[in-house]
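All residue numbers for the sequence shown refer to the UniProt record's numbering, where the first residue is 1 and numbers rise by one.
We put the CB at the ideal spot given by N, CA and C, even for glycine.
Just below is one structure, and these are the notes that go with it.
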Amino acid sequence: MEVIIRKMRKEDITSVQYVAKMSWYDTYEGIIPRSVQNRFLSEAYSNERLLWRLRNSFIYVATIDEKIVGYANFFRLQNRGEIELGSIYILPAYQGKGIGSQLLEKGMKRSKELKIVYINVERENGIGRAFYQSKGFQLVDEFDDEFDGHLLRTMRMKLMI
(Lines of atoms letter the chains of each structure in order from A and count residues from 1; the text may use other names and numbers.)
(Lines give C-alpha, C1' and ligand atoms only; values in the text may rest on other atoms or scores of the structure.)
Protein backbone atom coordinates (compact mmCIF):
# COMPACT_ATOMS: atom_id res chain seq x y z
CA MET A 1 0.00 0.00 0.00
CA GLU A 2 1.93 3.01 -1.28
CA VAL A 3 0.75 6.36 0.06
CA ILE A 4 1.45 9.41 -2.08
CA ILE A 5 1.22 12.86 -0.49
CA ARG A 6 0.71 15.74 -2.91
CA LYS A 7 -0.79 19.22 -3.10
CA MET A 8 -4.54 19.35 -3.49
CA ARG A 9 -5.89 20.40 -6.90
CA LYS A 10 -9.26 21.84 -7.92
CA GLU A 11 -10.36 18.51 -9.31
CA ASP A 12 -9.88 16.96 -5.83
CA ILE A 13 -12.67 19.01 -4.23
CA THR A 14 -15.35 16.30 -4.40
CA SER A 15 -13.00 13.69 -2.91
CA VAL A 16 -11.91 16.02 -0.09
CA GLN A 17 -15.57 16.77 0.66
CA TYR A 18 -16.22 13.03 0.91
CA VAL A 19 -13.23 12.45 3.22
CA ALA A 20 -14.35 15.35 5.42
CA LYS A 21 -17.92 14.05 5.66
CA MET A 22 -17.04 10.42 6.40
CA SER A 23 -14.33 11.40 8.88
CA TRP A 24 -16.56 13.90 10.68
CA TYR A 25 -19.35 11.33 11.00
CA ASP A 26 -16.89 8.82 12.47
CA THR A 27 -14.90 11.23 14.66
CA TYR A 28 -17.75 13.27 16.13
CA GLU A 29 -20.40 10.56 16.58
CA GLY A 30 -21.80 11.13 20.07
CA ILE A 31 -19.87 14.43 20.40
CA ILE A 32 -21.56 16.72 17.86
CA PRO A 33 -25.17 16.08 16.73
CA ARG A 34 -25.38 14.90 13.11
CA SER A 35 -27.59 17.87 12.11
CA VAL A 36 -24.92 20.29 13.39
CA GLN A 37 -22.22 18.32 11.55
CA ASN A 38 -24.19 18.47 8.30
CA ARG A 39 -24.71 22.25 8.53
CA PHE A 40 -21.02 22.79 9.24
CA LEU A 41 -19.86 20.46 6.47
CA SER A 42 -22.13 22.03 3.84
CA GLU A 43 -20.73 25.48 4.69
CA ALA A 44 -17.06 24.81 5.51
CA TYR A 45 -16.58 22.32 2.68
CA SER A 46 -18.62 24.00 -0.05
CA ASN A 47 -16.93 24.26 -3.44
CA GLU A 48 -16.46 28.01 -2.93
CA ARG A 49 -14.88 27.62 0.52
CA LEU A 50 -12.49 24.92 -0.68
CA LEU A 51 -11.47 27.05 -3.67
CA TRP A 52 -10.78 29.91 -1.23
CA ARG A 53 -8.66 27.56 0.90
CA LEU A 54 -6.70 26.45 -2.17
CA ARG A 55 -5.79 30.10 -2.80
CA ASN A 56 -5.16 31.17 0.81
CA SER A 57 -3.69 28.16 2.60
CA PHE A 58 -1.93 24.98 1.72
CA ILE A 59 -3.70 21.63 1.50
CA TYR A 60 -2.14 18.24 0.98
CA VAL A 61 -3.97 15.05 0.06
CA ALA A 62 -2.96 11.46 0.71
CA THR A 63 -3.69 9.03 -2.10
CA ILE A 64 -3.58 5.27 -2.39
CA ASP A 65 -3.99 3.87 -5.89
CA GLU A 66 -5.01 7.40 -6.97
CA LYS A 67 -7.90 7.44 -4.44
CA ILE A 68 -7.85 10.32 -1.94
CA VAL A 69 -7.98 8.80 1.55
CA GLY A 70 -7.02 11.83 3.65
CA TYR A 71 -6.04 15.48 3.65
CA ALA A 72 -4.47 18.16 5.84
CA ASN A 73 -5.05 21.93 5.66
CA PHE A 74 -2.42 24.35 7.01
CA PHE A 75 -2.66 28.13 7.44
CA ARG A 76 0.12 30.65 7.97
CA LEU A 77 -0.24 32.74 11.11
CA GLN A 78 0.73 36.39 11.64
CA ASN A 79 3.91 35.55 13.52
CA ARG A 80 6.69 34.38 11.26
CA GLY A 81 7.51 30.72 11.77
CA GLU A 82 4.05 29.76 13.06
CA ILE A 83 1.34 27.74 11.29
CA GLU A 84 -2.09 26.43 12.22
CA LEU A 85 -3.12 22.91 11.30
CA GLY A 86 -6.73 23.77 10.52
CA SER A 87 -7.80 20.21 9.79
CA ILE A 88 -6.43 16.77 9.18
CA TYR A 89 -8.79 13.89 8.40
CA ILE A 90 -8.30 10.35 7.16
CA LEU A 91 -11.06 8.00 5.99
CA PRO A 92 -11.86 5.67 8.92
CA ALA A 93 -10.71 2.51 7.07
CA TYR A 94 -7.26 4.06 6.56
CA GLN A 95 -6.68 5.45 10.05
CA GLY A 96 -3.85 4.04 12.14
CA LYS A 97 -1.63 3.39 9.11
CA GLY A 98 0.68 6.41 9.45
CA ILE A 99 -1.10 8.54 6.84
CA GLY A 100 -1.88 11.36 9.27
CA SER A 101 1.76 11.42 10.33
CA GLN A 102 2.88 11.69 6.71
CA LEU A 103 0.47 14.57 6.06
CA LEU A 104 1.59 16.41 9.20
CA GLU A 105 5.24 15.95 8.27
CA LYS A 106 4.66 17.21 4.71
CA GLY A 107 2.97 20.38 5.96
CA MET A 108 5.70 21.02 8.50
CA LYS A 109 8.42 20.67 5.84
CA ARG A 110 6.80 23.40 3.73
CA SER A 111 8.15 26.18 5.93
CA LYS A 112 11.93 26.26 6.39
CA GLU A 113 11.66 28.67 9.32
CA LEU A 114 8.84 26.83 11.10
CA LYS A 115 9.02 27.09 14.88
CA ILE A 116 5.50 26.35 16.15
CA VAL A 117 2.48 24.38 14.87
CA TYR A 118 -0.88 25.05 16.54
CA ILE A 119 -4.01 22.87 16.54
CA ASN A 120 -7.44 23.00 18.17
CA VAL A 121 -8.93 19.63 19.11
CA GLU A 122 -12.18 18.79 20.88
CA ARG A 123 -11.50 17.35 24.32
CA GLU A 124 -13.86 14.44 23.64
CA ASN A 125 -11.99 13.54 20.44
CA GLY A 126 -9.79 10.93 22.12
CA ILE A 127 -8.26 9.63 18.89
CA GLY A 128 -7.28 13.13 17.78
CA ARG A 129 -5.87 14.04 21.19
CA ALA A 130 -3.82 10.84 21.34
CA PHE A 131 -2.46 11.47 17.83
CA TYR A 132 -1.32 15.01 18.64
CA GLN A 133 0.14 14.04 22.01
CA SER A 134 2.09 11.21 20.35
CA LYS A 135 3.62 13.81 18.01
CA GLY A 136 4.72 15.99 20.93
CA PHE A 137 1.93 18.57 20.93
CA GLN A 138 1.37 20.12 24.35
CA LEU A 139 -1.71 21.72 25.85
CA VAL A 140 -1.57 25.53 26.00
CA ASP A 141 -5.22 26.40 26.67
CA GLU A 142 -8.71 24.98 27.12
CA PHE A 143 -11.91 26.84 26.37
CA ASP A 144 -15.59 26.30 25.72
CA ASP A 145 -16.65 27.05 22.19
CA GLU A 146 -20.22 27.41 20.95
CA PHE A 147 -20.57 25.52 17.70
CA ASP A 148 -23.90 26.11 15.96
CA GLY A 149 -25.76 26.05 19.28
CA HIS A 150 -23.76 23.10 20.60
CA LEU A 151 -21.12 23.53 23.32
CA LEU A 152 -17.69 22.08 22.58
CA ARG A 153 -14.79 21.85 24.98
CA THR A 154 -11.77 22.74 22.90
CA MET A 155 -8.10 22.18 23.65
CA ARG A 156 -5.49 24.45 22.07
CA MET A 157 -2.23 22.58 21.57
CA LYS A 158 1.14 23.49 20.12
CA LEU A 159 4.22 21.71 18.87
CA MET A 160 7.57 23.45 19.25
CA ILE A 161 9.91 22.55 16.41
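With fewer than 16 other CB atoms across the displayed protein chains lying within 10 angstroms of its CB, residue 4 is exposed. In this structure, DSSP gives residue 28 a state outside helix and strand, which the three-state scheme calls coil. Taking all protein chains shown into account, residue 130 has fewer than 16 neighbouring C-beta atoms within 10 Å of its C-beta and is therefore exposed. When the Cα atoms are used, residue 122 and residue 152 turn out to be separated by approximately 7 Å.
Per DSSP, reduced to three states, the secondary structure at residue 15 is helical.
Take residue 125, set aside five residues on each side of it, and the residues of its chain with a beta-carbon closer than 8 Å to its own are 27, 28 and 31, in chain order. Per DSSP, reduced to three states, the secondary structure at residue 89 is strand. The straight-line gap separating the alpha-carbon atoms of residue 71 and residue 17 is approximately 10 Å.
Contact between residue 118 and residue 156 holds, since their C-beta atoms are separated by about 7 Å, short of 8 Å. By DSSP's assignment, residue 160 forms a beta bridge with 116. CA-CA distance, residue 60 to residue 2, rounds to 16 Å. With a beta-carbon spacing of about 18 Å, residue 38 and residue 13 fall beyond the 8 Å limit used to define contacts. Sorting 150, 24, 86 and 140 by C-alpha distance to the C-alpha of residue 56 places 86 at the top.
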